[in-house]
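From first to last, the protein sequence lines are chains B and G. When you line the first sequence up against this note's numbering, it's residues 18 to 524, in that order. When you line the second sequence up against this note's numbering, it's residues 68 to 417, in that order. Yeah, the Cβ is synthetic: ideal placement off N, Cα and C, and Gly gets one too. Notes for the one structure printed next.
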Amino acid sequence: MEHIVEMLNVSKSFPGILANDDISIQLRKGEIHALLGENGAGKSTLMSILFGLYKADSGVIKVRGKEVQIHNPNVANALGIGMVHQHFKLVHNFTVTENIILGIEPVNGPFLKTADASRRIKELSVRYGLDVDPDARIEDISVGMQQRVEILKMLYRDAEVLIFDEPTAVLTPQEIVDLMKIMRNLKAEDKSIILITHKLKEIKAIAERCTVIRRGKVVGTVDVAGTSTQVMAEMMVGRQVSFKVDKRDREPGEVVLDIKDLCVQSSRKTQAVKNFSLQVRRGEILGLAGVDGNGQTELVEALTGLRKAESGSILFMGKDMTHASIRGRIRGGMAHIPEDRQKRGLVLDYTMEENFILEIYGLEPFSKRGFINRKAIRAHAAKLMDAFDVRAGQGTLSIARTMSGGNQQKAIVGREISHDPELLIAVQPTRGLDVGSIEYIHKRLVEQRDGGKAVLLVSLELDEVMDLSDRIAVISHGELTGMKLPAETNEGEIGLMMAGVASGGHA
Amino acid sequence: MNRTRSLFTALAAVLLGLVAGAIFMALTGADPFKGYSFLFRGGLMNLERIGNTLASATTLVLTGLSVAFAFRTGLFSIGAAGQMLIGGLVATALGLSLELSKPLMLFVMLLGAALGGALWASIPGYLKAKFNVHEVVSTIMMNWLAYWVVYYSIPAYFKGTFLETESRRIPEYASLRVDWLSDLFKGSYINLGLILAIGATAIIALILNRTTLGYELKAVGFNRHAAEYAGIDVSRNIIMALGISGALAGLAGATFYAGYSVNMQIGVLPAAGLDGIAVALLGANSPWGVFASAVFFGILHSGKGFMNAMTDIPPEIGDTIIATIIYFAATSVLFVRFYDFLRRKFKKEA
Ligand SMILES: Nc1ncnc2c1ncn2[C@@H]1O[C@H](COP(=O)(O)OP(=O)(O)OP(=O)(O)O)[C@@H](O)[C@H]1O
Ligand SMILES: [Mg+2]
């Protein structure tokens, strides 16, 4: 069997942690090879080494049988290796074409020859079914489309080995289906793909082999067809994982959040939320399902105070909070796990302990008369990192930026739950988490509910909404289009309601 | 570890700057060892010269802190020169108009200068907070506004006895120079501003590292979206950050025009304003780093005249060395790489 890429006995350490410990992985030509591992296992690190972003401490990389030194991404490109990162790297006010040719601009004397490039991009786009408009500006296109631009960027550079780092974490279910199709097209053209994902379903659907890593070490490489998801999950976390949420029935209590006829505008000044009314009660998890971009973002921002409500009212714990300050709402008992962890959720250049007090630095014991109390802050951080299994090389002093995506997410979830809020607004709380961590976070959300708190769960993952919610509300085009009890509905019906087809009765 | 890294970078930049300077000196046909010995002797040879070095450093510490503070809170302020002028103007105006006992007088002047600088800087802060006008553009514009304000108000209200282009002399009871300090340093320009600069450095270090105010300001600087999410008032913090930065530059103006110098001249943007950027850069934007780097620049500033007088080396060499050091400090990424490389090597062998 011909191997196009081999990484042999690769090790890499960061201060305080051995991120890759003698890892070997072999990629066959024309295969889709999944890389599975818990948060912080070292997947992104390993791929960054292959792409020339990090230098391994030891080990050998062979491409097409020849040993190579990949000092930087340009070398990787020249070897035909491309990568789509967990967080995209595009220039927002550039067009698709401009982004793709960035760094290898075709020129005629001092002038850019974009027309040729544009034509070639179009060609590639058609050939692989990407459907990208070369002249669109990045800021005007959806996240899914941006990802395709990243794919085109690789193809334009004649990449034969394509690395995808958690590509589906940012996509809607429909976009995921499309991406799978694109990957199959790529494979049909004899490209080789390394796919990092936490979703076992995706691995089952598309990968041939899967290498599992745990705490920096390879546990094994398996044939996907002959291995159940249960077994893969166990290999990865080293124990049995339950995919089912354990939840006892519970009578919901009084209303905590009462939204009445709320209207909110989007950034483009269109009506994003229209006459929206909804109640969330103590002791319940209310799941809000919807296709991405149907007003969920604006609704949550209006609830948390990040965006102005045009009209309507928000009653929280019996008080009118429609125009309350953000801090007022937080102090009043609202907590928010934001959709975009790097934009809103963390100050990436702060340490973990500084991030854990983002909303409460002004309260005792974390500060007194304007002076910060390091000791209290450190103790607080250590407690949370332990409770939520947040792993990082330098403990509470790790800079957030250096942490793996999943561990960043766990830190935010831990921080928000630690405020013991009356209402927890959780947007995609398990985005980018491994199955073990998902299980744990789900448990904690249910615990909140059982403790008589209210949870508003906004998620694009239908599974998650179905499993966790006591009631499911559906939003479509900014309007509430239905309310269902999970026992009385199924994914199909909710899916249709999300698309705005059927309209369900009120539960 | 980060601190050692910054220190390493700064020292490497200084060293390379000095080496480059030596090469320049050699190219002009001079002996670099002689050149440097005069340069450093010019800055440090006796108490008077040390006093002058510290007096130059005083202004640079304050403008350097001004730039560094803004930088730590995510803002790139080019406005120290203008804020210095305004601070100096307020101090001069008060000094020439009021008659108070010296301690009270100085207190009022410094307070006025700080407020003047803060107010001047809060305008770009407001523009940034409300209309997202980039502070680089607006602070530069404010520099020229300050320039013209001084240009018209000094001749109009505080005209000197002999010259149209400068203010009257600051009276003794309104000058930051005091006899005991001047005597101690044998009649140099050194003045109370030095104590102010030391105090300011300590206070800024305290604010940045130990207070909730510093925590908020840095959070806004690093990621204003996250700060907003956490309920921090982003607009207020941007204005506050530039305000504090402006107050420091305003104080620099007071120490410069009512301490180092004895009157105000029109038609000049003070060089210390822009030099503050270099000082901050070399000091890695840490308060005590800024202090050390300002003293170093102070040595070069006050030594270059002596070097010029004693050798054929043109005084521009002094400026060239400074420029080279700035250049190396700005491209410090290279040193950081080198530093990491050394560390790895060392670790492996150990
Ligand atoms: N630049 C860095 N500096 C210090 N530590 C780092 C750096 N990058 C990664 N690490 C550490 O290395 C470990 C592996 O991180 P990596 O990002 O490879 O994990 P991952 O498997 O991709 O996890 P996830 O599924 O959460 O994305 C983590 O503990 C992380 O904190
Ligand atoms: Mg990762």
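| said: With H, G and I counted as helix, E and B as strand and the rest as coil, what does DSSP make of H368/G? | reply: If DSSP states are grouped into helix, strand and coil, H368/G belongs with the helices.
- request: Return yes when the C-beta of D182/B is under 8 Å from any heavy atom of ligand 2, and no when it is not.
  value: It does: the Cβ of D182/B is within 8 Å (strictly closer) of some heavy atom of ligand 2.
Taking a Cβ distance cut-off of 7 Å, strictly less, list which residues of the region 284-316 of chain G are near chain B, in chain order. Flagged, chain order: A286, F289, N290, H292, A293, E295, Y296, A297, G298.
request  = Spell out a yes or no on whether the region 309-328 of chain B and the region 345-363 of chain B are touching, meaning 3 or more CB-CB pairs, one atom from each, closer than 8 Å.
outcome  = Cβ pair count under 8 Å is three or more, so yes.
Practice prompt. Confirm, please, whether the CB-CB distance from P354/G to T268/G is below 9 Å.
Written response: With contacts defined as CB atoms closer than 9 Å, T268/G and P354/G qualify as a contacting pair.
Three-state class that DSSP yields for H397/B in the structure shown:
In the structure shown, H397/B sits in a helix (DSSP, three-state: H, G or I).
Got a sec: does ligand 1 put a non-hydrogen atom nearer than 8 Å to the Cβ of L415/B? Going by the sequence as given, residue 415/B is Ser instead of Leu. Answer for S415/B: yes, Cβ within range of ligand 1.
* **Segment limits, beta strand (DSSP E) that includes A51/B** => In the DSSP assignment, A51/B falls within the beta strand (DSSP E) that extends over 49-54.
(message) Can you list, in chain order, the residues of its chain with a C-beta nearer than 7 Å to that of D133/B? Leave out the 5 residues immediately preceding and following it.
(response) For D133/B, where only same-chain residues beyond five positions count, the Cβ hits under 7 Å are P123.
| CB-CB under 7 Å to L348/G, same chain, minus the five flanking residues each way: which ones, in chain order? | Excluding its 5 nearest sequence neighbours in each direction, L348/G has C-beta neighbours in its own chain below 7 Å: I393, A396, A397, listed in chain order.
Worksheet entry | Limits of the unbroken alpha helix (DSSP H) element including L353/G | With the sequence shown as reference, residue 353/G is identified as Ser, and Leu is not the correct amino acid for it. Note, S353/G: premise wrong, no alpha helix (DSSP H); not H, not E.
Establish whether the CB of Y282/G and some CB of chain B are separated by less than 9 Å.
It does: the Cβ of Y282/G has a partner Cβ on chain B nearer than 9 Å.
Next item on the list: Give, in chain order, every residue of the region 365-376 of chain B whose Cβ lies closer than 9 Å to some Cβ of chain G.
Entry: Sequence-ordered contacts of the region 365-376 of chain B with chain G read L365, D366, Y367, E371, N372, I374, L375, E376 [C-beta pairs closer than 9 Å].
So is the beta-carbon of I42/B under 8 Å away from any non-hydrogen atom of ligand 1? The answer is no for I42/B.
query = Does the beta carbon of S61/B fall short of 8 Å from some heavy atom of ligand 2?
reply = Checking the Cβ of S61/B against ligand 2 gives yes.
**Prompt:** Should M334/B and A428/B be called a contact, given that it needs their Cβ atoms to be closer than 9 Å?
**Reply:** Not closer than 9 Å, so no.
- Message: At the 9 Å Cβ level, is R277/G part of the contact set with chain B, yes or no?
- Response: Closer than 9 Å to some Cβ of chain B, the Cβ of R277/G qualifies, so yes.
Would you say the beta carbon of S421/B comes nearer than 8 Å to a heavy atom of ligand 1? In this structure, S421/B has its CB closer than 8 Å to one or more heavy atoms of ligand 1.
Please report the distance separating the alpha-carbon of A87/G from that of G149/G. If I take the Cα positions, the gap works out to 32 Å.
Under 8 Å: do the region 141-148 of chain G and the region 310-324 of chain G share three or more Cβ pairs, one atom per stretch?
Output reads yes: the region 310-324 of chain G touches the region 141-148 of chain G.
>> With a threshold of 9 Å between beta-carbons, can K392/B be considered close to chain G, or not?
In response: False, the Cβ-Cβ gap to chain G never drops below 9 Å.
Using 8 Å as the cut-off, classify the Cβ of Q86/B as near or not near the heavy atoms of ligand 3, replying yes or no.
Although ligand 3 was asked about, the structure shown includes only ligand 1 and ligand 2 as ligands.
Please compile the residues from chain G whose C-beta is within a distance smaller than 9 Å of the C-beta of S342/B.
-> Going along chain G in sequence order, the residues near S342/B (Cβ under 9 Å) are G298, D300.
* Keeping to the same chain, check which residues put their C-beta closer than 6 Å to that of G410/B; ignore five residues upstream and five downstream. => F31, P32, G33, I34, listed in sequence order.
* Asked: Should E433/B be labelled buried (16 or more other beta-carbon atoms within 10 Å of its own) or exposed?
  -> Buried, by the Cβ-count rule.
* **Short CB-CB distance (under 9 Å) between A397/G and chain B** => No, A397/G lies away from the interface with chain B (no Cβ there is under 9 Å from its Cβ).
Just checking: is the beta-carbon of P355/B within a distance shorter than 9 Å of some beta-carbon in chain G? Chain G places a beta carbon closer than 9 Å to that of P355/B, counting this residue as a contact.
* Pick helix, strand or coil for V273/B, following the three-state DSSP scheme. => The three-state reading of DSSP puts V273/B in strand, counting E and B together.
Are there three or more Cβ pairs, one per stretch, closer than 8 Å when the region 156-169 of chain G is compared with the region 233-253 of chain G? Verdict: yes, contact present.
Legend entry - Any non-hydrogen atom of ligand 1 within 8 Å of A36/B CB: A heavy atom of ligand 1 is found nearer than 8 Å to the CB of A36/B.
**Residue from M514/B, I220/B, H215/B with nearest C-alpha to M200/B** = Its Cα nearest to that of M200/B, the residue I220/B stands out among M514/B, I220/B, H215/B.
Proximal residues of chain A, C-beta to C-beta of I347/B below 7 Å: The chain labelled as chain A is not found among the protein chains of the depicted structure, namely B and G.
Q.
Suppose you measure from the CA of L305/B to the CA of E202/G; what does that come to, to the nearest Å?
A. Going by the C-alpha atoms only, they are around 42 Å apart.
Could you tell me the distance, in whole angstroms, from the CA atom of R461/B to the CA atom of V175/G? Between R461/B and V175/G, the C-alpha separation is close to 59 Å.
Worksheet item: With respect to the beta strand (DSSP E) encompassing R116/G, which residues constitute its N-terminal and C-terminal limits?
Response: Boundaries for R116/G: no beta strand (DSSP E) harbours it, while the alpha helix (DSSP H) harbouring it runs 114-139, taken from the DSSP string.
What is the rounded straight-line gap between the Cα of A135/G and the Cα of E283/G?
If you take the alpha carbons of A135/G and E283/G, they lie about 16 Å apart.
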